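S.K.: Handing you this structure, nothing more for now.
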Amino acid sequence: MIEIFTPAELPRARAAGRVVADVLAELRRRTTVGTTLLEIDAWAKELILGAGGVSCYVDYAPSFGRGPFGHYVCTSVNDAVLHGLPNGYVLADGDLLTLDLAVLTDGIAADSAISFIVGEARPTESVAMVVATERALAAGIAAARPGAHLGDVSHAIGSSLSAAGYRVNTEFGGHGIGSTMHQDPHVPNTGRPGRGYRLREGLLLALEPWVMLDTASLVVDPDGWTLRSATGGRSAHSEHTIAITADGAEILTLPSTQHP
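The sequence shown lines up with residues 1 to 260 when you count with full-length UniProt numbering.
What follows is the structure, encoded as structure tokens:
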């Protein structure tokens with residue numbers, strides 16, 4: 001299913017996006033050396049419910065997971081890149097943490113992910129990976145406009161990641177979003193320009209480039225959810241929900257402090 005929203009409905013999408021972005025910003029602010037992943041999950045629950053939101057993850061039970069997920073935020077550390085199931089792990093200085101969050105408010109969902117380094121250490125390769133995913137995300141957003149093809153967006157993302165020296169996994173990528181978290185169209189992180197679905201005003205997309213240090217292959221933890229690098233190398237993941245408008249792509253998942 002592909003949903004198209006009217007201009008009158010977009011304020012609801014913007015509100016959902018701000019909740020997601022504000023929760024992620026606050027989780028990042030609170031997270032320090034010594035924080036556990038379960039503490040982050042508890043904070044996420046508190047903040048989502050306090051904002052009047054509904055978690056898209058607690059009851060999430062797709063075919064690829066061992067569901068339901070049962071938590072409020074994905075917490076992926078170091079070599080874990082996607083669907084990290086919160087546990088009692090204690091964060092150390094220099095850990096590379098990805099937080100991925102999706103929330104439904106007033107009937108519309110928004111989805112975003114951030115990667116950042118915990119503490120004071122700044123491992124060079126980790127910094128480079130975060131920057132690479134953020135740049136690829138910006139490239140994909142710049143390519144998303146009415147009349148463009150989905151392949152244009154995927155090509156922009158993949159070209160940016162490849163230019164930075166990373167291999168691109170095509171098993172998991174971005175997606176349409178709206179009244180539910182995951183919808184058509186699928187947005188691969190690499191593609192051919194001029195191919196695929198033609199973007200229309202009112203379409204909402206979650207774009208999410210992610211990379212692993214020296215591989216494109218994943219392995220699954222015994223928890224049935226957490227996806228890791230097959231080589232144990234570090235990973236990073238950046239994601240925004242955008243709306244296709246007459247002027248191009250509007251980023252919905254910016255914190256309140258970054259809105260006019």
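Yeah, the Cβ is synthetic: ideal placement off N, Cα and C, and Gly gets one too.
All values reported here derive from a predicted model rather than from experimental measurement.
1. Please report how far the alpha carbon of Gly88 lies from the alpha carbon of Ala109, in whole angstroms.
2. Closest to Val211 by C-alpha separation, out of Ile117, Gly158 and Gly70, would be which residue?
3. So, using beta-carbon positions, are Val90 and Thr31 closer together than 9 Å?
4. Is it true that the CB of Ala206 sits closer than 9 Å to the CB of Asp111?
5. With H, G and I counted as helix, E and B as strand and the rest as coil, what does DSSP make of Gly174?
6. Using alpha carbons as the reference points, say which of Tyr166, Ala144 and Leu99 lies closest to residue 269.
7. Roughly how many angstroms lie between the CA atoms of Leu254 and Ala21, to the nearest whole one?
8. So the candidates are Gly107, Arg12 and Phe5; which of them puts its Cα closest to the Cα of residue 306?
9. DSSP state of His149, grouped into three classes?
10. Ignore the nearest five residues each way along the sequence and tell me which others in Glu6's own chain have a CB closer than 7 Å to its CB.
11. What residue range is occupied by the uninterrupted alpha helix (DSSP H) comprising Val19?
12. Quick check on DSSP: helix, strand or coil for His155?
13. Over the uninterrupted alpha helix (DSSP H) stretch that includes Thr124, give me the two end residues.
14. If you check the beta carbons only, do Thr241 and Ala16 fall under 9 Å apart?
M.R.: On the basis of the coordinates in this document:
1. C-alpha of Gly88 to C-alpha of Ala109: approximately 28 Å in a straight line.
2. Gly158
3. no
4. yes
5. strand
6. The structure shown does not extend to residue 269, since the chain is modelled only from 1 through 260, so no value can be given for it.
7. 5 Å
8. An answer regarding residue 306 cannot be provided, because it is not within the stretch 1 to 260 covered by the chain.
9. In this structure, His149 counts as strand in the three-state DSSP scheme.
10. According to the sequence shown, residue 6 is Thr rather than Glu. Excluding sequence neighbours, Thr6 sits near Gly202.
11. Leu10 to Arg30
12. helix
13. Per DSSP, Thr124 belongs to the alpha helix (DSSP H) from Thr124 to Ala143.
14. yes
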